[in-house]
Amino acid sequence: MIAGVSTEFNPPGPEDFQLPPIIPGVDWFTKPVLVAGLSVVLIVWFFYGASRKSAIVPSKLQFAGELGYNFVRNSIARDAIGSQDYMKFVPYLCGLFFFILLNNVAATIPLVQFPTFSHIGWAYSAAILSWVIYNGVGIRKHGLLRYLKLQTMPAGVPLWLLPLMIPIEFISNIVVRPISLSLRLFANMFAGHILLLVFVLGGEYLLLHSGSIALSGVGVITLLMGLAIAGLELFVQCIQAYIFVVLSAQYIGGALADEH
(Lines of atoms letter the chains of each structure in order from A and count residues from 1; the text may use other names and numbers.)
(Lines give C-alpha, C1' and ligand atoms only; values in the text may rest on other atoms or scores of the structure.)
Protein backbone atom coordinates (compact mmCIF):
# COMPACT_ATOMS: atom_id res chain seq x y z
CA MET A 1 0.00 0.00 0.00
CA ILE A 2 1.32 3.46 -0.91
CA ALA A 3 1.04 6.03 1.83
CA GLY A 4 -1.78 8.45 1.21
CA VAL A 5 -3.46 6.28 -1.43
CA SER A 6 -6.74 4.62 -0.65
CA THR A 7 -7.08 0.92 -1.41
CA GLU A 8 -10.44 1.63 -3.05
CA PHE A 9 -8.80 1.85 -6.46
CA ASN A 10 -9.64 -1.18 -8.60
CA PRO A 11 -7.13 -1.69 -11.42
CA PRO A 12 -8.58 -2.51 -14.84
CA GLY A 13 -8.72 -6.13 -15.88
CA PRO A 14 -10.39 -8.53 -18.33
CA GLU A 15 -13.77 -7.83 -16.74
CA ASP A 16 -13.64 -4.29 -18.21
CA PHE A 17 -13.94 -5.84 -21.67
CA GLN A 18 -17.28 -7.46 -20.85
CA LEU A 19 -19.52 -4.59 -21.87
CA PRO A 20 -23.25 -4.45 -21.08
CA PRO A 21 -25.78 -4.46 -23.93
CA ILE A 22 -26.63 -1.07 -25.40
CA ILE A 23 -30.32 -1.94 -25.40
CA PRO A 24 -31.49 -3.67 -22.20
CA GLY A 25 -32.66 -7.17 -22.94
CA VAL A 26 -30.83 -7.41 -26.29
CA ASP A 27 -27.72 -9.15 -25.00
CA TRP A 28 -25.95 -9.48 -28.34
CA PHE A 29 -26.11 -5.75 -29.18
CA THR A 30 -22.99 -4.49 -27.44
CA LYS A 31 -20.52 -1.75 -28.31
CA PRO A 32 -18.28 -4.02 -30.45
CA VAL A 33 -21.30 -5.03 -32.55
CA LEU A 34 -22.30 -1.39 -32.96
CA VAL A 35 -18.78 -0.31 -33.89
CA ALA A 36 -18.45 -3.17 -36.40
CA GLY A 37 -21.78 -2.29 -37.99
CA LEU A 38 -20.95 1.39 -38.21
CA SER A 39 -17.56 0.61 -39.73
CA VAL A 40 -19.21 -1.42 -42.50
CA VAL A 41 -21.60 1.44 -43.23
CA LEU A 42 -18.71 3.92 -43.27
CA ILE A 43 -16.59 1.76 -45.60
CA VAL A 44 -19.47 1.28 -48.06
CA TRP A 45 -20.31 4.99 -47.98
CA PHE A 46 -16.68 6.00 -48.42
CA PHE A 47 -15.89 3.82 -51.42
CA TYR A 48 -19.29 4.35 -53.03
CA GLY A 49 -18.88 8.11 -52.70
CA ALA A 50 -15.30 7.94 -53.96
CA SER A 51 -16.23 5.96 -57.09
CA ARG A 52 -19.70 7.34 -57.86
CA LYS A 53 -18.51 10.34 -59.87
CA SER A 54 -15.09 9.36 -61.14
CA ALA A 55 -13.22 12.05 -63.00
CA ILE A 56 -9.82 12.52 -64.60
CA VAL A 57 -9.17 15.28 -62.08
CA PRO A 58 -10.30 13.55 -58.90
CA SER A 59 -12.15 15.17 -56.05
CA LYS A 60 -10.68 14.93 -52.56
CA LEU A 61 -12.94 11.98 -51.74
CA GLN A 62 -12.08 10.19 -54.97
CA PHE A 63 -8.39 10.81 -54.39
CA ALA A 64 -8.62 9.39 -50.86
CA GLY A 65 -10.52 6.33 -52.09
CA GLU A 66 -8.04 5.67 -54.89
CA LEU A 67 -5.15 6.12 -52.48
CA GLY A 68 -6.54 3.53 -50.07
CA TYR A 69 -7.51 1.09 -52.82
CA ASN A 70 -4.17 1.39 -54.61
CA PHE A 71 -2.30 0.86 -51.36
CA VAL A 72 -4.00 -2.49 -50.78
CA ARG A 73 -3.86 -3.48 -54.47
CA ASN A 74 -0.23 -2.58 -55.15
CA SER A 75 1.51 -2.86 -51.78
CA ILE A 76 -0.29 -5.93 -50.44
CA ALA A 77 -2.19 -7.99 -53.03
CA ARG A 78 0.16 -7.67 -56.02
CA ASP A 79 3.34 -8.13 -54.01
CA ALA A 80 2.08 -11.09 -51.95
CA ILE A 81 -0.07 -13.00 -54.46
CA GLY A 82 1.57 -12.26 -57.80
CA SER A 83 0.80 -10.32 -60.95
CA GLN A 84 -1.46 -12.95 -62.56
CA ASP A 85 -4.01 -13.82 -59.86
CA TYR A 86 -4.06 -10.93 -57.45
CA MET A 87 -6.85 -8.74 -58.85
CA LYS A 88 -9.68 -11.14 -57.99
CA PHE A 89 -8.69 -10.95 -54.30
CA VAL A 90 -8.29 -7.18 -54.08
CA PRO A 91 -11.93 -6.48 -53.08
CA TYR A 92 -11.72 -8.95 -50.19
CA LEU A 93 -8.33 -7.74 -48.99
CA CYS A 94 -9.34 -4.09 -49.32
CA GLY A 95 -12.55 -4.60 -47.35
CA LEU A 96 -10.73 -6.69 -44.74
CA PHE A 97 -8.00 -4.10 -44.29
CA PHE A 98 -10.31 -1.15 -43.78
CA PHE A 99 -12.69 -3.15 -41.59
CA ILE A 100 -9.89 -4.17 -39.22
CA LEU A 101 -8.33 -0.71 -39.36
CA LEU A 102 -11.53 1.13 -38.43
CA ASN A 103 -12.38 -1.30 -35.65
CA ASN A 104 -8.87 -1.01 -34.23
CA VAL A 105 -8.74 2.78 -34.47
CA ALA A 106 -12.12 2.93 -32.70
CA ALA A 107 -10.14 2.46 -29.49
CA THR A 108 -8.80 6.01 -29.80
CA ILE A 109 -12.03 7.70 -30.91
CA PRO A 110 -13.75 9.66 -28.10
CA LEU A 111 -17.04 8.19 -26.85
CA VAL A 112 -16.22 4.88 -28.54
CA GLN A 113 -12.79 4.04 -27.11
CA PHE A 114 -12.99 0.30 -27.56
CA PRO A 115 -11.17 -1.96 -30.06
CA THR A 116 -13.57 -4.54 -31.47
CA PHE A 117 -10.82 -7.11 -31.95
CA SER A 118 -9.96 -7.09 -28.25
CA HIS A 119 -12.78 -9.66 -28.14
CA ILE A 120 -11.23 -12.91 -29.33
CA GLY A 121 -14.37 -14.00 -31.20
CA TRP A 122 -14.02 -11.18 -33.71
CA ALA A 123 -10.37 -12.04 -34.34
CA TYR A 124 -11.19 -15.72 -34.79
CA SER A 125 -13.99 -14.88 -37.23
CA ALA A 126 -11.69 -12.77 -39.43
CA ALA A 127 -8.95 -15.41 -39.34
CA ILE A 128 -11.35 -18.27 -40.16
CA LEU A 129 -12.70 -16.31 -43.13
CA SER A 130 -9.19 -15.90 -44.53
CA TRP A 131 -8.47 -19.59 -43.76
CA VAL A 132 -11.53 -20.71 -45.71
CA ILE A 133 -10.64 -18.48 -48.67
CA TYR A 134 -6.99 -19.44 -49.07
CA ASN A 135 -7.63 -23.16 -48.57
CA GLY A 136 -10.65 -22.97 -50.87
CA VAL A 137 -8.77 -21.33 -53.74
CA GLY A 138 -5.87 -23.73 -53.28
CA ILE A 139 -8.12 -26.79 -53.42
CA ARG A 140 -10.00 -25.34 -56.38
CA LYS A 141 -6.81 -24.83 -58.37
CA HIS A 142 -4.87 -27.96 -57.46
CA GLY A 143 -7.47 -30.42 -56.24
CA LEU A 144 -7.63 -31.65 -52.65
CA LEU A 145 -4.91 -34.30 -52.74
CA ARG A 146 -2.37 -32.25 -54.70
CA TYR A 147 -3.08 -29.21 -52.53
CA LEU A 148 -2.41 -31.22 -49.37
CA LYS A 149 0.77 -32.53 -50.99
CA LEU A 150 1.95 -29.01 -51.82
CA GLN A 151 1.18 -27.81 -48.29
CA THR A 152 2.78 -30.73 -46.46
CA MET A 153 5.65 -31.92 -48.69
CA PRO A 154 8.19 -29.13 -49.32
CA ALA A 155 10.17 -29.46 -52.54
CA GLY A 156 13.64 -30.89 -52.20
CA VAL A 157 13.10 -32.63 -48.85
CA PRO A 158 14.73 -36.10 -48.73
CA LEU A 159 12.30 -39.02 -48.76
CA TRP A 160 13.41 -40.28 -45.36
CA LEU A 161 12.46 -36.92 -43.76
CA LEU A 162 8.90 -36.88 -45.06
CA PRO A 163 7.36 -38.88 -42.16
CA LEU A 164 8.63 -36.12 -39.87
CA MET A 165 7.97 -33.16 -42.15
CA ILE A 166 4.42 -34.01 -43.27
CA PRO A 167 2.75 -33.74 -39.83
CA ILE A 168 4.83 -30.67 -38.96
CA GLU A 169 3.90 -28.91 -42.21
CA PHE A 170 0.25 -29.93 -41.90
CA ILE A 171 -0.02 -28.52 -38.39
CA SER A 172 1.92 -25.38 -39.35
CA ASN A 173 0.18 -24.59 -42.65
CA ILE A 174 -3.33 -25.91 -42.08
CA VAL A 175 -4.02 -25.91 -38.33
CA VAL A 176 -1.90 -23.23 -36.68
CA ARG A 177 -2.18 -20.39 -39.20
CA PRO A 178 -5.71 -19.19 -38.31
CA ILE A 179 -4.88 -19.48 -34.60
CA SER A 180 -1.67 -17.45 -34.85
CA LEU A 181 -3.32 -14.95 -37.19
CA SER A 182 -6.19 -14.29 -34.78
CA LEU A 183 -4.16 -14.37 -31.55
CA ARG A 184 -1.65 -11.83 -32.87
CA LEU A 185 -4.42 -9.33 -33.60
CA PHE A 186 -6.36 -10.05 -30.42
CA ALA A 187 -3.35 -9.92 -28.11
CA ASN A 188 -2.13 -6.59 -29.44
CA MET A 189 -5.56 -4.96 -29.20
CA PHE A 190 -6.28 -6.40 -25.76
CA ALA A 191 -2.88 -5.61 -24.26
CA GLY A 192 -2.71 -2.11 -25.74
CA HIS A 193 -6.16 -1.15 -24.50
CA ILE A 194 -5.67 -2.52 -21.00
CA LEU A 195 -2.30 -0.75 -20.75
CA LEU A 196 -3.96 2.48 -21.75
CA LEU A 197 -6.67 1.92 -19.12
CA VAL A 198 -4.03 1.38 -16.44
CA PHE A 199 -2.31 4.69 -17.16
CA VAL A 200 -5.46 6.76 -17.66
CA LEU A 201 -7.48 5.41 -14.73
CA GLY A 202 -4.43 5.20 -12.49
CA GLY A 203 -3.37 8.74 -13.34
CA GLU A 204 -6.88 10.05 -12.78
CA TYR A 205 -7.07 8.33 -9.40
CA LEU A 206 -3.71 9.66 -8.25
CA LEU A 207 -4.58 13.17 -9.44
CA LEU A 208 -8.06 13.43 -7.95
CA HIS A 209 -8.20 11.00 -5.04
CA SER A 210 -4.71 10.48 -3.66
CA GLY A 211 -4.91 13.26 -1.09
CA SER A 212 -1.22 14.01 -1.62
CA ILE A 213 0.38 16.82 -3.62
CA ALA A 214 3.33 14.59 -4.55
CA LEU A 215 1.10 11.78 -5.76
CA SER A 216 -1.08 14.25 -7.63
CA GLY A 217 2.04 15.28 -9.54
CA VAL A 218 2.72 11.62 -10.28
CA GLY A 219 -0.86 11.40 -11.54
CA VAL A 220 -0.24 14.25 -14.00
CA ILE A 221 2.90 12.50 -15.29
CA THR A 222 0.96 9.23 -15.57
CA LEU A 223 -1.77 10.89 -17.61
CA LEU A 224 0.83 12.43 -19.92
CA MET A 225 2.39 9.00 -20.35
CA GLY A 226 -1.10 7.72 -21.12
CA LEU A 227 -1.33 10.21 -24.00
CA ALA A 228 2.01 8.99 -25.32
CA ILE A 229 0.82 5.39 -25.08
CA ALA A 230 -2.38 6.34 -26.92
CA GLY A 231 -0.25 7.63 -29.79
CA LEU A 232 1.82 4.46 -29.78
CA GLU A 233 -1.34 2.36 -29.65
CA LEU A 234 -2.71 4.18 -32.71
CA PHE A 235 0.43 3.17 -34.59
CA VAL A 236 0.07 -0.44 -33.42
CA GLN A 237 -3.59 -0.48 -34.48
CA CYS A 238 -2.65 0.50 -38.03
CA ILE A 239 0.28 -1.92 -38.17
CA GLN A 240 -1.82 -4.85 -36.96
CA ALA A 241 -4.43 -4.25 -39.66
CA TYR A 242 -1.64 -4.21 -42.24
CA ILE A 243 0.04 -7.36 -40.87
CA PHE A 244 -3.22 -9.31 -40.77
CA VAL A 245 -4.04 -8.51 -44.40
CA VAL A 246 -0.46 -9.04 -45.62
CA LEU A 247 -0.37 -12.50 -44.03
CA SER A 248 -3.80 -13.32 -45.48
CA ALA A 249 -2.53 -12.31 -48.93
CA GLN A 250 0.64 -14.35 -48.48
CA TYR A 251 -1.37 -17.41 -47.50
CA ILE A 252 -3.54 -16.97 -50.62
CA GLY A 253 -0.39 -16.63 -52.75
CA GLY A 254 1.09 -19.72 -51.13
CA ALA A 255 -2.10 -21.72 -51.75
CA LEU A 256 -2.03 -20.79 -55.44
CA ALA A 257 1.68 -21.47 -55.93
CA ASP A 258 2.77 -24.67 -57.66
CA GLU A 259 5.70 -25.24 -55.31
CA HIS A 260 6.75 -24.14 -51.81
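When the letters of the sequence shown are read in order and numbered with the working numbering, they come out as residues 280 to 539.
Glycine included, C-beta positions come from ideal geometry on N, C-alpha and C.
Shortest Cα-Cα distance from phenylalanine 469 to any of Val411, Ser397, Ala343 involves Ser397. Asparagine 289 carries a coil assignment under DSSP once its states are collapsed to helix, strand and coil. For arginine 352, no alpha helix (DSSP H) encloses it, and the DSSP letter there is neither H nor E. Under the Cβ criterion (8 Å, minimum of three pairs), the segment 373 to 386 counts as touching the segment 312 to 321. Apart from sequence neighbours up to five positions away, the residues of its chain that approach alanine 356 with a beta-carbon distance below 7 Å are Tyr365, Phe368, Val369, Leu372, Ala528, ordered along the chain.
Judged by DSSP in its simplified three-state form, isoleucine 388 adopts coil rather than helix or strand. Boundaries of the alpha helix (DSSP H) harbouring leucine 494: 492 to 535, taken from the DSSP string. Of the residues assessed, asparagine 467 falls on the buried side of the cut-off, its CB having 16 or more other CB atoms within 10 angstroms.
In this structure, the CA atom of threonine 395 is about 10 Å from the CA atom of threonine 309.
In the three-state reduction of the DSSP assignment, glutamine 297 falls in the coil class. Per DSSP, histidine 398 lies in no alpha helix (DSSP H) and is assigned neither H nor E. The criterion of a C-beta distance shorter than 9 Å is satisfied by proline 290 and valine 477. Leucine 494 and tryptophan 307 have their C-alpha atoms spaced approximately 41 Å apart.
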